[in-house]
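Visitor:
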Amino acid sequence: MSWGTELWDQFDNLEKHTQWGIDILEKYIKFVKERTEIELSYAKQLRNLSKKYQPKKNSKEEEEYKYTSCKAFLSTLNEMNDYAGQHEVISENMTSQIMVELARYVQELKQERKSNFHDGRKAQQHIETCWKQLESSKRRFERDCKEADRAQQYFEKMDADINVTKADVEKARQQAQLRHQMAEDSKADYSSILQKFNREQREYYHSHIPHIFQKIQEMEERRVVRIGESMKTYAELDRQVIPIIGKCLDGIVKAAESIDQKSDSQLVIEAYKSGFEPPGDIEFEDYAQPMKRTVSDNSLSNSREGKPELKFGGKSKGKLWPFIKKNKPPPPPPASASPSAVPNGPQSPKQQKEPLSHRFNEFMTSKPKIQCFRSLKRGLSLKLGAAPEDFSNLPPEQRRKKLQQKVHELNKEIQKEMDQRDAITKMKDVYLKNPQMGDPASLDHKLAEATQTIEKLRLETQKFEAWLAEVEGRLPARSEQTRRQSGMYDGQMPTTVTNCAQDRESPDGSYTEEQSQESEVKVLATDFDDEFDDEEPLPAIGTCKALYTFEGQNEGTISVMEGETLCVIEEDKGDGWTRIRRNEDEEGYVPTSYVEVYLDKNAKGAKTYI
Numbered sequence: 028m029s030w031g032t033e034l035w036d037q038f039d040n041l042e043k044h045t046q047w048g049i050d051i052l053e054k055y056i057k058f059v060k061e062r063t064e065i066e067l068s069y070a071k072q073l074r075n076l077s078k079k080y081q082p083k084k085n086s087k088e089e090e091e092y093k094y095t096s097c098k099a100f101l102s103t104l105n106e107m108n109d110y111a112g113q114h115e116v117i118s119e120n121m122t123s124q125i126m127v128e129l130a131r132y133v134q135e136l137k138q139e140r141k142s143n144f145h146d147g148r149k150a151q152q153h154i155e156t157c158w159k160q161l162e163s164s165k166r167r168f169e170r171d172c173k174e175a176d177r178a179q180q181y182f183e184k185m186d187a188d189i190n191v192t193k194a195d196v197e198k199a200r201q202q203a204q205l206r207h208q209m210a211e212d213s214k215a216d217y218s219s220i221l222q223k224f225n226r227e228q229r230e231y232y233h234s235h236i237p238h239i240f241q242k243i244q245e246m247e248e249r250r251v252v253r254i255g256e257s258m259k260t261y262a263e264l265d266r267q268v269i270p271i272i273g274k275c276l277d278g279i280v281k282a283a284e285s286i287d288q289k290s291d292s293q294l295v296i297e298a299y300k301s302g303f304e305p306p307g308d309i310e311f312e313d314y315a316q317p318m319k320r321t322v323s324d325n326s327l328s329n330s331r332e333g334k335p336e337l338k339f340g341g342k343s344k345g346k347l348w349p350f351i352k353k354n355k356p357p358p359p360p361p362a363s364a365s366p367s368a369v370p371n372g373p374q375s376p377k378q379q380k381e382p383l384s385h386r387f388n389e390f391m392t393s394k395p396k397i398q399c400f401r402s403l404k405r406g407l408s409l410k411l412g413a414a415p416e417d418f419s420n421l422p423p424e425q426r427r428k429k430l431q432q433k434v435h436e437l438n439k440e441i442q443k444e445m446d447q448r449d450a451i452t453k454m455k456d457v458y459l460k461n462p463q464m465g466d467p468a469s470l471d472h473k474l475a476e477a478t479q480t481i482e483k484l485r486l487e488t489q490k491f492e493a494w495l496a497e498v499e500g501r502l503p504a505r506s507e508q509t510r511r512q513s514g515m516y517d518g519q520m521p522t523t524v525t526n527c528a529q530d531r532e533s534p535d536g537s538y539t540e541e542q543s544q545e546s547e548v549k550v551l552a553t554d555f556d557d558e559f560d561d562e563e564p565l566p567a568i569g570t571c572k573a574l575y576t577f578e579g580q581n582e583g584t585i586s587v588m589e590g591e592t593l594c595v596i597e598e599d600k601g602d603g604w605t606r607i608r609r610n611e612d613e614e615g616y617v618p619t620s621y622v623e624v625y626l627d628k629n630a631k632g633a634k635t636y637i
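With our numbering applied, the sequence shown covers 28 to 637.
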């Protein structure tokens with residue numbers, strides 16, 4: 028089966044068919060290209076979806092991902108990210124192994140097709156030229172034969188006519204002979220050209236055209252094979268990523284199987300456990316006997332000695348205010364009870380007491396005449412988002428965890444600074460050994476700065492460790508001097524200040540933290556006045572431009588973006604930090620090396636550089 032023998036007369040149709048084959052190949056390339064675009068778009072959408080549901084750094088969402096269900100979801104997002112990567116691999120492989128290869132092959136195929144059909148047209152033109160020569164020689168031979176016949180007839184006519192002279196007859200005879208000779212020459216030429224044409228025609232139909240058509244057939248068959256191989260590659264590229272995609276799906280299944288409801292329940296306990304004991308039983312108050320009623324009313328007094336389970340001041344006592352808003356503790360009774368409040372003693376007629384429920388109702392509806400300035404200041408700070416540094420607004424258990432976390436973070440910072448200091452020290456040693464590499468004195472400032480930073484972090488760590496020890500019971504809650512001062516202060520304001528000292532609540536207003544009976548007042552009157560004073564914002568002494576982006580993750584720092592302009596409110600004191608302000612509510616410290624400072628010479632507190 029050969030196109031040269033079977034399709035020897037279908038040159039034009041073969042030309043159209045081969046062009047159609049190239050069009051089919053280009054159409055397949057376009058199909059693969061659109062498939063790669065779909066894969067890339069799908070991978071991009073998967074990545075965006077995974078990124079959209081990733082927990083944001085330094086946010087509440089990041090804390091929620093300690094639960095096994097959230098960890099499983101995070102693993103699912105990561106696996107989907109890898110899943111998207113496999114679709115990108117499909118797109119890249121199809122582009123490099125199919126599209127690029129086929130595009131190059133199409134160019135080669137077009138060149139080969141053009142060359143083959145050029146040879147075919149050249150052979151056609153040659154055989155057509157031979158045919159034209161044959162036709163021309165044939166017409167000339169025919170014309171010469173007719174001229175020779177006419178010349179012969181004219182000679183015979185002249186020779187038969189007696190009136191014609193002998194010279195005219197001889198002339199006619201010579202003319203007839205000449206025409207016969209010309210006819211013979213034309214005949215010989217025609218015979219030669221005919222033989223040549225037949226030879227060329229045999230070569231054309233049995234050699235040239237079959238050879239050319241055979242090359243075209245082979246070219247077309249290679250095209251068909253190539254497109255088949257490309258389709259197989261198309262399927263294989265998909266099949267290659269199936270095991271990895273299966274691993275991604277297995278990872279999702281494994282993450283789902285790792286969910287532990289018991290562990291999550293324990294984490295909820297650790298997250299919200301307050302550390303308080305449940306409230307004890309409420310004693311029965313017998314209103315039938317006046318003496319017992321008096322004792323019952325005085326049971327709220329801090330001076331009661333016979334009923335330790337009803338005391339409200341100890342660390343181990345529970346909450347006992349189910350019908351008070353926001354679970355705040357009731358105001359404590361005066362520090363010293365009247366002499367008539369002795370258990371089982373006679374009641375004085377002048378000291379008639381109302382039932383306990385009336386006292387609670389009166390407390391609920393009445394407003395204190397003197398507000399606790401410390402509590403007001405703390406409440407305002409919590410509303411503005413400034414939690415106490417010692418986390419005293421949290422329950423004991425949560426406070427302990429926060430302090431442990433803070434100590435751990437500070438230790439990591441110390442280790443980081445120590446590594447940096449060691450690196451600077453090694454670099455200084457290298458400079459000392461090889462002065463041509465740098466000046467060792469240029470590192471003294473950085474070394475001193477690193478040492479100072481480490482010392483500051485250690486002091487900060489000691490402070491938080493002291494608070495942690497206090498929470499864990501390793502240190503006493505307060506010194507004896509503070510207790511004596513608190514006792515003196517209790518004598519001055521026995522009711523109102525004590526009430527405010529106990530009225531401590533968390534930022535959401537749902538928690539009240541209690542201290543022991545001895546620690547209801549923590550500060551002296553001077554400290555009390557200092558904390559109540561409103562801190563006026565510091566005036567700006569200049570401006571600064573951020574040279575680099577700084578992410579302020581530690582307490583007291585502020586994040587800045589490269590190129591951002593801010594106000595300077597406190598310049599570097601030698602510790603490597605500059606205090607800046609973005610607006611009226613957002614200020615903090617940034618490394619001095621991260622900003623370029625422009626101090627206002629006329630501003631108060633600004634130094635003048637000469």
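The beta carbon of each residue, even a glycine, is placed where N, CA and C say it ideally should be.
Remember, predicted model here, so these are calculated numbers, not experimental data.
Looking at the structure shown, is residue 587 part of a helix, part of a strand, or coil, going by DSSP?
Guide: Within the sequence shown, the letter at position 560 stands for residue 587. Of the three classes helix, strand and coil, the one that applies to residue 587 here is strand, per DSSP.
Visitor: Please classify residue 235: is it buried, with 16 or more other beta-carbons within 10 angstroms of its beta-carbon, or exposed?
Guide: Here residue 235 refers to the residue found at position 208 of the sequence shown. Per the 10 Å Cβ criterion, buried.
Visitor: Please determine, among 69, 595 and 438, the residue with the shortest C-alpha to C-alpha distance to residue 608.
Guide: For the purposes of this step, residue 608 is identified with residue 581 of the sequence shown, where counting begins at 1. For residue 608, the nearest C-alpha among the options comes from 595.
Visitor: To the nearest angstrom, how far is the alpha carbon of residue 55 from that of residue 44?
Guide: In the sequence shown, the residue the question calls residue 55 occupies position 28. In the sequence shown, the residue the question calls residue 44 occupies position 17. Going by the C-alpha atoms only, they are around 17 Å apart.
Visitor: Straight-line CA distance for residue 277 to residue 616?
Guide: Numbered from 1 along the sequence shown, position 250 holds the residue referred to as residue 277. Numbered from 1 along the sequence shown, position 589 holds the residue referred to as residue 616. Answer to the nearest angstrom: the Cα atoms are 47 Å apart.
Visitor: What distance in whole Å lies between the Cβ atoms of residue 618 and residue 601, which are believed to be in contact at a cut-off of 8 Å?
Guide: Taking the first residue of the sequence shown as position 1, residue 601 is located at position 574. Taking the first residue of the sequence shown as position 1, residue 618 is located at position 591. Actually they are not in contact, since the Cβ atoms of residue 601 and residue 618 sit about 13 Å apart, beyond 8 Å.
Visitor: Helix, strand or coil for residue 103 per DSSP?
Guide: Translated into positions along the sequence shown, residue 103 becomes position 76. Correct three-state label for residue 103: helix.
Visitor: If you drop the 5 nearest sequence neighbours on each side, which residues of the same chain put their C-beta closer than 6 Å to that of residue 290?
Guide: As a working mapping, residue 290 is identified with position 263 in the sequence shown. Closer than 6 Å at Cβ, skipping near neighbours: 95.
Visitor: Once DSSP output is grouped into helix, strand and coil, what is the label at residue 572?
Guide: Mapped onto the sequence shown, residue 572 falls at position 545. Residue 572 falls in the strand class under three-state DSSP.
Visitor: Cutting at 8 Å between CB atoms, please list the residues of its own chain near residue 487, excluding the five before and the five after it.
Guide: As a first step, residue 487 is located in the sequence shown; it is residue number 460 there, counting from the start. For residue 487, where only same-chain residues beyond five positions count, the Cβ hits under 8 Å are 437.
Visitor: In angstroms with no decimal places, state the Cα-to-Cα distance between residue 207 and residue 229.
Guide: Numbered from its first residue, the sequence shown carries residue 207 at position 180. Numbered from its first residue, the sequence shown carries residue 229 at position 202. Cα to Cα, residue 207 sits roughly 33 Å from residue 229.
Visitor: Go through its chain and collect everything with a Cβ distance to residue 214's Cβ below 7 Å, but skip five positions before and after it.
Guide: Along the sequence shown, read from residue 1 onward, the residue named residue 214 stands at position 187. For residue 214, where only same-chain residues beyond five positions count, the Cβ hits under 7 Å are 168.
Visitor: What is the DSSP secondary structure of residue 303, reduced to helix, strand or coil?
Guide: Here residue 303 refers to the residue found at position 276 of the sequence shown. Reduced to three states, the DSSP call for residue 303 is coil.
Visitor: Identify every residue that forms a DSSP beta bridge with residue 605.
Guide: Reading the sequence shown from its first residue, position 578 is the one you call residue 605. Paired residue(s): 617.
Visitor: I need the straight-line Cα distance from residue 145 to residue 205, nearest angstrom please.
Guide: Indexing the sequence shown from 1 puts residue 145 at position 118. Indexing the sequence shown from 1 puts residue 205 at position 178. Cα-Cα distance, rounded: 46 Å.
Visitor: Can you tell me whether residue 425 is buried or exposed? The criterion is at least 16 other CB atoms within 10 Å of its CB, across all chains shown.
Guide: For the purposes of this step, residue 425 is taken as residue 398 along the sequence shown, with counting starting at 1. Buried, by the Cβ-count rule.
Visitor: I need the DSSP call for residue 610, collapsed to helix, strand or coil.
Guide: As a working mapping, residue 610 is identified with position 583 in the sequence shown. Three-state DSSP puts residue 610 in a strand.
Visitor: Can you look up residue 58 in the DSSP assignment and give me helix, strand or coil?
Guide: Looking up residue 58 in the sequence shown gives position 31. Residue 58: helix per DSSP, three-state reduction.
Visitor: Within this structure, are the beta carbons of residue 108 and residue 264 separated by less than 7 Å?
Guide: Mapped onto the sequence shown, residue 108 falls at position 81. Mapped onto the sequence shown, residue 264 falls at position 237. Against a cut-off of 7 Å, the Cβ pair of residue 264 and residue 108 comes out as no contact.
Visitor: Give the DSSP-derived three-state secondary structure of residue 527 in the structure shown.
Guide: Position 500 of the sequence shown holds residue 527. Note that residue 527 scores a pLDDT of 32, beneath 50, so its modelled location is shaky; the value from the coordinates is reported in the next line. Three-state result, residue 527: helix.
Visitor: Could you tell me which whole alpha helix (DSSP H) segments of length 4 or greater appear in the region 409-469?
Guide: Entirely contained in the region 409-469, the alpha helix (DSSP H) runs reaching 4 residues are, in chain order, 423-460.
Visitor: Could you check how far apart the C-beta atoms of residue 605 and residue 599 are, in whole angstroms? I think they sit under 8 Å.
Guide: Along the sequence shown, one-based indexing puts residue 605 at 578. Along the sequence shown, one-based indexing puts residue 599 at 572. The pair is a contact, with the Cβ atoms about 5 Å apart (cut-off 8 Å).
Visitor: In the DSSP output, what is residue 314 paired with across the bridge?
Guide: Here residue 314 refers to the residue found at position 287 when the sequence shown is read from its first residue. DSSP output for residue 314 lists no bridge partner at all.
Visitor: Expressed to the nearest angstrom, what Euclidean distance is found between the alpha-carbon atoms of residue 620 and residue 471?
Guide: By 1-based counting over the sequence shown, the position of residue 620 is 593. By 1-based counting over the sequence shown, the position of residue 471 is 444. So the alpha carbons of these two residues sit roughly 16 Å apart.
Visitor: So, for residue 89: in the same chain, excluding its five sequence neighbours on each side, which residues have a beta-carbon less than 8 Å away from its beta-carbon?
Guide: As a working mapping, residue 89 is identified with position 62 in the sequence shown. The residues are 82 and 83.
Visitor: Taking C-beta to C-beta, are residue 111 and residue 73 nearer than 7 Å?
Guide: Indexing the sequence shown from 1 puts residue 111 at position 84. Indexing the sequence shown from 1 puts residue 73 at position 46. Yes, these two residues count as a Cβ contact at 7 Å.
Visitor: Three-state secondary structure (DSSP) at residue 593?
Guide: Against the sequence shown, residue 593 aligns to sequence position 566. Reduced to three states, the DSSP call for residue 593 is strand.
Visitor: Give me the Cβ distance between residue 237 and residue 32, rounded to the nearest whole Å; I'm assuming they're in contact under 8 Å.
Guide: Your numbering for residue 237 matches position 210 in the sequence shown. Your numbering for residue 32 matches position 5 in the sequence shown. With 8 Å as the limit, residue 237 and residue 32 qualify as a contact, their Cβ atoms being about 6 Å apart.
Visitor: Rank 456, 420 and 250 by C-alpha distance to the C-alpha of residue 467 and give the top, closest one.
Guide: Residue numbering aside, residue 467 sits at position 440 when the sequence shown is read from its first letter. Minimum Cα distance to residue 467 is reached at 456.
Visitor: Does the count of Cβ pairs from the region 138-157 and the region 299-309 closer than 8 Å reach three?
Guide: Not touching, per the Cβ criterion.
Visitor: Which residues in the same chain as residue 138 place their Cβ atom closer than 8 Å to its Cβ, once the five residues preceding and following it in sequence are excluded?
Guide: Sequence index remark: in the sequence shown, residue 138 carries index 111 (1-based). Answer for residue 138: no residue qualifies.
Visitor: Scan the region 82-158 and note each continuous alpha helix (DSSP H) run of 4 residues or more that stays entirely inside, going in chain order.
Guide: The region 82-158 contains these whole alpha helix (DSSP H) runs: 87-91 and 95-121.
Visitor: How should residue 187 be labelled, buried or exposed, when 16 other C-beta atoms within 10 angstroms of its C-beta is the threshold for buried?
Guide: As a position in the sequence shown, residue 187 is number 160, starting the count at 1. When all chains shown are included, residue 187 counts as exposed.
Visitor: Assuming residue 49 contacts residue 133 under a Cβ cut-off of 8 Å, what Cβ separation, rounded to an integer in Å, is found between them?
Guide: Residue mapping note: residue 49 aligns to position 22 of the sequence shown, counting from 1. Residue mapping note: residue 133 aligns to position 106 of the sequence shown, counting from 1. Yes, residue 49 and residue 133 are in contact; Cβ-Cβ is about 6 Å, under 8 Å.
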